[in-house]
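*Asks:*
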Amino acid sequence: MKPQPSDGFEWVQADGGPALVCRALQPFADHLFTTRGWALGSRASAADEDWRPVAGFLGVDAGRLVRARQVHGAAVVVRRVGDAPATGGRRLPEADIFVSDDPSLALAIQTADCVPLLIADRVTGAVAAAHAGWRGLAAGVPRVAVEALGREFGSLPANLVAAVGPSISAERYEVGEEVRSRFAAAGFSDAELARWFRTGARAEHWLFDGSRSAFEQLESAGVAAESIHLSSLCTATYPDLFCSYRRDGAGAGRMAAAIRKLKPKT
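Read the sequence shown against the numbering used here and you will find it ends at 266, with the numbers running on by one and no gaps.
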């Protein structure tokens, strides 16, 4: 039996395997969060063909699935209507955030404990996909994604709805002082650090809550709290369902979070 996500999410069965969708996001964007049973979940270095079931679920050809070589930063790739087709293989850009207003494209990121973030604008239909490990969260990936939607497509934060998929929970994610110090150096407040980092079992170690950090960063960027939805599922806790780098090491498979702007109604 699959674990129950928060009330904002529900399980669906796709051709590739079980997946999560966010009910509040569904009216504004096609999307999904995959699980370990998908082709991507079987190996750390996914081949292009492993992405075909993700593209198929969102109704695009594999060549229209926009991906990047993720580098744990906050660089943004913008894809507009009329841009050249997405590229694959070795030509992938280095980035961790995508924004787009093109309904012929799907945006996809991969995770194995990091926070997967999908966003849609209820008014313009523009969408974003972002990958945020602790380095990305320290770099403000949620805020950068919101700002990119505003800068590139005129999105107002109050019009956004965001879904934060499964990631490693604080209870399973102990980090060293260097991680907490990176957030302090980035300008996050003492109050924020106190909420995101709890004292760990070892001296100068902390239990880091990445989902809460993502939620609060989105809220600080102007997204309404009631429009931010957390799956509340821990990737490290369910080995049969989710990939986890912390649990399985370098051989861990990957999961996808992908989103596509809805096509205009004819």
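Note that the Cβ used here is the ideal one computed from N, Cα and C, for glycine as well.
(1) Between the Cα of Met1 and the Cα atoms of Gly251, Tyr238, Ala256, Cys243, which residue gives the shortest distance?
(2) Please list, in chain order, all residues of the same chain as Ala138 whose beta carbon is under 6 Å from its beta carbon, the five residues on each side excluded.
(3) So the candidates are Leu149, Leu92, Ser169, Gly59; which of them puts its Cα closest to the Cα of Arg212?
(4) Can you tell me whether Trp51 is buried or exposed? The criterion is at least 16 other CB atoms within 10 Å of its CB, across all chains shown.
(5) Find out if the Cβ-Cβ distance for the pair Val78, Glu177 is shorter than 7 Å.
(6) Pull up the distance between the alpha-carbon of Arg180 and that of Ala191, whole angstroms please.
(7) Do the stretch 104-120 and the stretch 152-167 make contact, defined as three or more Cβ pairs closer than 8 Å?
(8) Since Ala74 contacts Leu65 with CB under 8 Å, what's their CB separation in whole angstroms?
(9) Enumerate, from N- to C-terminal direction, the unbroken beta strand (DSSP E) stretches of 3 or more residues contained entirely within the stretch 116-155.
(10) Alpha helix (DSSP H) containing Gly210: first to last residue?
(11) Tell me the residue span of the alpha helix (DSSP H) that contains Phe57.
(12) If we call anything under 7 Å between Cβ atoms a contact, is Arg200 one with Glu219?
(13) Mapping the DSSP letters down to three states, classify Leu230 as helix, strand or coil.
(14) Starting from Leu20, trace the beta strand (DSSP E) in both directions and tell me its first and last residue.
(15) If you draw a straight line from the alpha carbon of Val99 to that of Val223, how long is it in whole angstroms?
(16) What residue does the beta strand (DSSP E) around Asp30 start on, and which one ends it?
(17) Between Ala44 and Gly249, what straight-line distance do the alpha-carbon atoms span, to the nearest angstrom?
(18) Do you know how far the Cα of Ser227 is from the Cα of Pro27?
(19) Among Phe33, Val71, Arg143, which one has its Cα closest to the Cα of Gln217?
(20) Determine, using beta carbons only, whether Thr124 and Ser104 come nearer to each other than 7 Å.
(21) Output yes or no for whether 7 Å exceeds the beta carbon distance between Val127 and Ala29.
(22) Quick check: Cys243 and Gly253, are their CB atoms within less than 7 Å of each other?
(23) For the alpha helix (DSSP H) holding Trp38, just list the boundary residues, first then last.
(24) Who pairs with Gly176 in a beta bridge, going by DSSP?
*Replies:* So, from the data block:
(1) Reading the sequence shown from its first residue, position 1 is the one you call residue 1. Nearest of Gly251, Tyr238, Ala256, Cys243 to Met1, Cα basis: Tyr238.
(2) Indexing the sequence shown from 1 puts residue 138 at position 138. Once the five neighbours on either side are set aside, the close Cβ partners of Ala138 are Arg182, Phe183, Ala186.
(3) Taking the sequence shown and counting its residues from 1, one reaches residue 212 at position 212. Minimum Cα distance to Arg212 is reached at Ser169.
(4) Start at 1 with the first residue of the sequence shown, and residue 51 comes out as number 51. Around the CB of Trp51, 16 or more other CB atoms lie within 10 Å, so the residue is classed as buried.
(5) One-based indexing of the sequence shown puts residue 78 at position 78. One-based indexing of the sequence shown puts residue 177 at position 177. No, they are not a contact pair.
(6) Taking the sequence shown and counting its residues from 1, the one referred to as residue 180 is at position 180. Taking the sequence shown and counting its residues from 1, the one referred to as residue 191 is at position 191. Separation of Arg180 and Ala191 (C-alpha to C-alpha, rounded to the nearest whole angstrom) is 13 Å.
(7) In the pairwise beta carbon analysis, the stretch 104-120 is classified as touching the stretch 152-167: at least three pairs are separated by under 8 Å.
(8) Along the sequence shown, read from residue 1 onward, the residue named residue 74 stands at position 74. Along the sequence shown, read from residue 1 onward, the residue named residue 65 stands at position 65. With a contact defined as Cβ atoms closer than 8 Å, Ala74 and Leu65 miss out at about 22 Å.
(9) Listed in chain order, they are 127-132.
(10) Sequence index remark: in the sequence shown, residue 210 carries index 210 (1-based). Taken as a continuous stretch (DSSP letters only), the alpha helix (DSSP H) holding Gly210 covers 210-220.
(11) If you number the sequence shown from 1, residue 57 lands on position 57. Annotation: the continuous alpha helix (DSSP H) that includes Phe57 extends over 52-57.
(12) The residue given as residue 200 occupies position 200 in the sequence shown. The residue given as residue 219 occupies position 219 in the sequence shown. The displayed chain sequence assigns Gly, not Arg, to residue 200. No, Cβ-Cβ distance for Gly200 and Glu219 is not below 7 Å.
(13) As a working note, residue 230 is residue 230 in the sequence shown. Of the three classes helix, strand and coil, the one that applies to Leu230 here is strand, per DSSP.
(14) To locate residue 20, count along the sequence shown from 1; it is residue 20. From DSSP, the beta strand (DSSP E) with Leu20 extends over 17-22.
(15) In the sequence shown, counting from the first residue as 1, residue 99 sits at position 99. In the sequence shown, counting from the first residue as 1, residue 223 sits at position 223. The alpha-carbon atoms of Val99 and Val223 are separated by roughly 16 Å.
(16) Here the question's residue 30 lines up with position 30 in the sequence shown. It spans 29-34 - the beta strand (DSSP E) in which Asp30 sits, taken as one unbroken run.
(17) Your numbering for residue 44 matches position 44 in the sequence shown. Your numbering for residue 249 matches position 249 in the sequence shown. One alpha carbon belongs to Ala44, the other to Gly249, and they sit about 10 Å apart.
(18) To locate residue 27, count along the sequence shown from 1; it is residue 27. To locate residue 227, count along the sequence shown from 1; it is residue 227. Cα-Cα distance, rounded: 13 Å.
(19) By 1-based counting over the sequence shown, the position of residue 217 is 217. The shortest C-alpha to C-alpha distance from Gln217 to any of Phe33, Val71, Arg143 is the one to Arg143.
(20) On the sequence shown, position 124 is the one that residue 124 refers to. On the sequence shown, position 104 is the one that residue 104 refers to. It is not a contact, given that the beta carbons lie outside the stated cut-off.
(21) Along the sequence shown, one-based indexing puts residue 127 at 127. Along the sequence shown, one-based indexing puts residue 29 at 29. Result yes, Cβ atoms of Val127 and Ala29 sit closer than 7 Å.
(22) If you number the sequence shown from 1, residue 243 lands on position 243. If you number the sequence shown from 1, residue 253 lands on position 253. Against a cut-off of 7 Å, the Cβ pair of Gly253 and Cys243 comes out as a contact.
(23) As a first step, residue 38 must be located in the sequence shown, where it is residue number 38. Per DSSP, Trp38 belongs to no alpha helix (DSSP H) and is neither H nor E.
(24) On the sequence shown, position 176 is the one that residue 176 refers to. BP columns for Gly176 point to His205.
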